[in-house]
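Undergrad: Sharing a structure, written as structure tokens. Questions coming.
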Amino acid sequence: MGTLLLCDDHRVVREALAELLRTAPGVSDVDQAGSAEEVLARYPAMRPSVVVMDVRLPGMDGVTATCRLLHDHPAATVLLLTGEVRDDDRLRALQAGAKGFLPKDVDAEGLLRALAVVLAGGDLLSPAQRRALQHERPRVGLSPRELQVLEGMAAGRSNREIGKTLWLSEDTVKVHAKKLFAKTGVHDRAAAVAWAFRSGVLC
8 MGTLLLCDDH
18 RVVREALAEL
28 LRTAPGVSDV
38 DQAGSAEEVL
48 ARYPAMRPSV
58 VVMDVRLPGM
68 DGVTATCRLL
78 HDHPAATVLL
88 LTGEVRDDDR
98 LRALQAGAKG
108 FLPKDVDAEG
118 LLRALAVVLA
128 GGDLLSPAQR
138 RALQHERPRV
148 GLSPRELQVL
158 EGMAAGRSNR
168 EIGKTLWLSE
178 DTVKVHAKKL
188 FAKTGVHDRA
198 AAVAWAFRSG
208 VLC
């Protein structure tokens with residue numbers, strides 16, 4: 008039997024979804040979270056079978072949370088719900104390993120069918136769609152300066168060395184680094200560089 012962690016910041020919506028998900032075959036329990044930060048904090052101890060998460064959340068969004076969760080816990084299974092999402096965000100989450108996106112207005116039958124697929128270890132994307140993702144370059148909204156900082160990291164330069172190259176203070180480089188970490192869903196330089204080469208942002 009599987010356990011779910013459902014994340015939505017609207018309590019009424021979350022509780023209604025939880026009631027529906029409890030009727031799904033193979034589901035033993037549905038726990039709830041009101042923010043992405045709560046999901047990241049609770050996941051290590053709870054280890055739910057599937058995280059079902061809204062994309063639009065206060066604070067950290069569901070896409071960034073998905074990237075961070077799957078970076079730290081590659082075996083995690085994430086299913087995202089969204090009213091509307093940018094193509095770049097969708098690509099970023101799917102390349103990180105999310106099992107799929109569903110519109111928030113999906114009917115009950117469609118949601119339960121999708122959940123059954125991922126609970127069984129399946130994927131809402133076909134193998135061909137997954138392969139195609141590897142050839143797409145995500146445009147994650149990095150500014151030109153953030154991209155330059157990322158390139159400096161990939162070259163093995165320290166923040167001070169990057170600053171000298173770009174005529175920036177070390178503190179300013181740190182600000183740009185923090186922003187690009189948040190956008191790419193990673194925690195440190197090594198992970199940012201690995202993400203950049205894996206996703207094709209840097210070649």
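Under the working numbering, the first residue of the sequence shown carries the number 8, and numbering increases by one thereafter. The beta-carbon is built from N, C-alpha and C at its ideal position, and this holds for glycine as well.
1) What is the DSSP secondary structure of M60, counted as helix, strand or coil?
2) Cutting at 6 Å between CB atoms, please list the residues of its own chain near L31, excluding the five before and the five after it.
3) Between the beta-carbon of A189 and the beta-carbon of T73, is there less than 8 Å?
4) Measure the Cβ-Cβ separation of A40 and R49 and say whether it is below 8 Å.
5) Could you tell me which of V208, L173, L154 and A162 sits nearest to K185, measuring between CA atoms?
6) Using beta-carbon positions only, say whether D38 and P55 come within less than 8 Å of one another.
7) Return the residue from the list G117, T84, T172 and D61 that minimises the CA-CA distance to G9.
8) What's the C-alpha gap between A23 and L13?
9) Is the Cβ-Cβ distance between T89 and P110 less than 8 Å?
10) Which full runs of the alpha helix (DSSP H) of 4+ residues lie inside the stretch 154-188, going along the chain?
11) Strictly by DSSP, which residues pair up with D1?
12) Using the C-alpha atoms, what's the distance from G129 back to K181?
13) Beta-carbon within less than 6 Å of G104's beta-carbon, same chain only, minus the 5 sequence neighbours each way: which residues are those?
14) Would you mind sorting D178 into buried or exposed? The rule is 16 or more other CB atoms within 10 Å of its CB.
15) Alpha helix (DSSP H) containing T73: first to last residue?
16) Could you say which of A198, D16, V62 and E45 lies nearest to M160 if we only look at CA atoms?
17) What does the alpha-carbon distance come out to for the pair R29 and R18?
18) Have a look at A100 and L173 and give me their C-alpha separation to the nearest angstrom.
19) Name the two residues that bound the continuous alpha helix (DSSP H) containing V193.
TA: If we stick to the structure as given:
1) Residue mapping note: residue 60 aligns to position 53 of the sequence shown, counting from 1. M60: strand per DSSP, three-state reduction.
2) On the sequence shown, position 24 is the one that residue 31 refers to. Correcting the residue identity first, residue 31 is Ala in this sequence and not Leu. Same-chain partners within the cutoff: L119 and L122.
3) Your numbering for residue 189 matches position 182 in the sequence shown. Your numbering for residue 73 matches position 66 in the sequence shown. No, Cβ-Cβ distance for A189 and T73 is not below 8 Å.
4) Position 33 of the sequence shown, counting from 1, holds the residue named residue 40. Position 42 of the sequence shown, counting from 1, holds the residue named residue 49. The answer is yes: Cβ separation under 8 Å.
5) Looking up residue 185 in the sequence shown gives position 178. When only C-alpha atoms are compared, the closest one is L154.
6) The residue you call residue 38 lines up with position 31 of the sequence shown. The residue you call residue 55 lines up with position 48 of the sequence shown. Yes, the Cβ-Cβ distance between D38 and P55 is below 8 Å.
7) Taking the sequence shown and counting its residues from 1, one reaches residue 9 at position 2. Taking only the C-alpha atoms, the option nearest G9 is T84.
8) On the sequence shown, position 16 is the one that residue 23 refers to. On the sequence shown, position 6 is the one that residue 13 refers to. In a straight line, the C-alpha of A23 is about 11 Å away from that of L13.
9) Counted from its first residue, the sequence shown places residue 89 at position 82. Counted from its first residue, the sequence shown places residue 110 at position 103. In this structure, P110 lies closer than 8 Å to T89 by Cβ.
10) For the stretch 154-188, the full-length alpha helix (DSSP H) segments reaching 4 residues or more read 166-173 along the chain.
11) Because the chain is modelled from 8 through 210, residue 1 falls outside the range shown and cannot be assessed.
12) For the purposes of this step, residue 181 is taken as residue 174 along the sequence shown, with counting starting at 1. For the purposes of this step, residue 129 is taken as residue 122 along the sequence shown, with counting starting at 1. Roughly 40 Å between the two C-alpha positions.
13) Start at 1 with the first residue of the sequence shown, and residue 104 comes out as number 97. Once the five neighbours on either side are set aside, the close Cβ partners of G104 are L77.
14) Here the question's residue 178 lines up with position 171 in the sequence shown. Counting Cβ neighbours within 10 Å, D178 comes out exposed, since fewer than 16 surround it.
15) In the sequence shown, residue 73 corresponds to position 66, counting from 1. Looking at the DSSP string, the run of the alpha helix (DSSP H) that includes T73 is G69 to D79.
16) If you number the sequence shown from 1, residue 160 lands on position 153. For the residues A198, D16, V62 and E45, the minimum Cα distance to M160 belongs to A198.
17) Residue mapping note: residue 29 aligns to position 22 of the sequence shown, counting from 1. Residue mapping note: residue 18 aligns to position 11 of the sequence shown, counting from 1. Distance between the alpha carbons of R29 and R18 is about 16 Å.
18) In the sequence shown, counting from the first residue as 1, residue 100 sits at position 93. In the sequence shown, counting from the first residue as 1, residue 173 sits at position 166. Distance between the alpha carbons of A100 and L173 is about 31 Å.
19) One-based indexing of the sequence shown puts residue 193 at position 186. No alpha helix (DSSP H) holds V193; DSSP gives it neither H nor E.
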